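Residue 86 is where the sequence shown starts when you use our numbering, and the numbers rise one by one after that.
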Amino acid sequence: MNREITDEMLNTLREQVREYLTEKRYAHTLSVESETGKLAALFLPAEQNCLRAAALLHDITKRLNLEKQLQLCQNFGIIVTNDETKAPKLLHAKTAAAVVSRDFPQFADNRVLSGIRWHTTGRAGMSLFESIVYLADYIEPTRTFADCVMLRQFFWENISLAADADSRMEVLRQTMVLSFDMTIRQLLAEGALVDRDTIEARNWFLSPAL
Ligand SMILES: [Fe+2]
């Protein structure tokens, strides 16, 4: 179901999510929210509030440890793959979407839920909405990791040169490919597991039809 999300609802939500997050992650969350606002203005102005809601809610289960994540999965009937037990960071995207439906039903909009669900791995065929949440999480200004700084620079420099909507979409596509390349490279360097959805997302964005 698509729900209407007002400015007033966002003001309340901004206070409510604070108790779900560490102080550092709360600052990150607010920064993702304002980044989605900027990206919405470029790509999806009609869905700005919905994007802001997804940003405010995207990490609400991130501080839970593996045991608690698995408990939530069991409670909500979420299927946990073998890969996810080896890379528990992946679970928070699934559990956050489920907790939104339970604790914030007024925000249980399909776009919000899928934006949250796919913000970590991405996926083949991801929507523009999902791409904006994913990218805002990656490039928001409080991130100092070298890859994030580079991607932020790449996106904003190129978007400032893009003269029309098609060129802006092309910049977005290239930025998404670059983000997955960097993520995959980083995971390989760590000897960590690369989620299948991330590889599929990368290959999907390589094809020019976004
Ligand atoms: Fe995040």
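Every residue, glycine too, gets a C-beta built ideally from N, C-alpha and C. Predicted model only: the values in this text are computed from it and were never measured.
Check, Outcome
"Here's the rule: buried if 16 or more other CB atoms are within 10 angstroms of the residue's CB, otherwise exposed. What is N134?", "buried"
"Taking the alpha carbon of A277 as the point to measure from, which residue in R88, L175 and G162 has its own alpha carbon closest?", "L175"
"Tell me which same chain residues have a C-beta within less than 7 Å of the C-beta of P173, skipping the five on either side of it?", "L151 and Q154"
"How about V117: is its Cβ closer than 7 Å to a heavy atom in ligand 1?", "yes"
"Check I244 in the structure and name its three-state DSSP category.", "helix"
"By the three-class DSSP mapping on this structure, what secondary structure does F230 have?", "coil"
"For M211, count neighbouring Cβ atoms within 10 angstroms of its own Cβ and tell me buried if that reaches 16, exposed if not.", "buried"
"For I145, which of helix, strand or coil comes out of DSSP?", "coil"
"Are the beta-carbon atoms belonging to H143 and E225 less than 8 Å from one another?", "no"
"Please list, in chain order, all residues of the same chain as F239 whose beta carbon is under 7 Å from its beta carbon, the five residues on each side excluded.", "T260 and L263"
"Pick helix, strand or coil for I90, following the three-state DSSP scheme.", "coil"
"Which term fits K171, buried or exposed, when burial requires 16 or more other beta carbons within 10 angstroms of its beta carbon?", "exposed"
"Terminal residues of the continuous alpha helix (DSSP H) containing T256?", "One detail in the question is off: residue 256 reads as Val in this sequence, not Thr. A250 to E275 is the extent of the alpha helix (DSSP H) around V256."
"Under 7 Å: does the beta carbon of V266 sit that close to some heavy atom of ligand 1?", "Position check: residue 266 holds Asp in this sequence, whereas Val was assumed. No; taking the cut-off as 7 Å, the Cβ of D266 has no heavy atom of ligand 1 nearer than that."
"Judging by CA-CA distance, which residue of R253, R237 and F265 is the nearest neighbour of I244?", "R253"
"Going by DSSP in three states, L278 sits in which element: helix, strand or coil?", "coil"
"Just confirm the distance between the C-beta atoms of E118 and R137, as a whole number of angstroms; I'd bet it's less than 8 Å.", "5 Å"
"Residues in its own chain within less than 7 Å of R187 by CB, not counting five upstream and five downstream?", "none"
"Rounded to whole angstroms, what's the CA-CA distance from Q271 to V165? Just pull it up for me.", "24 Å"
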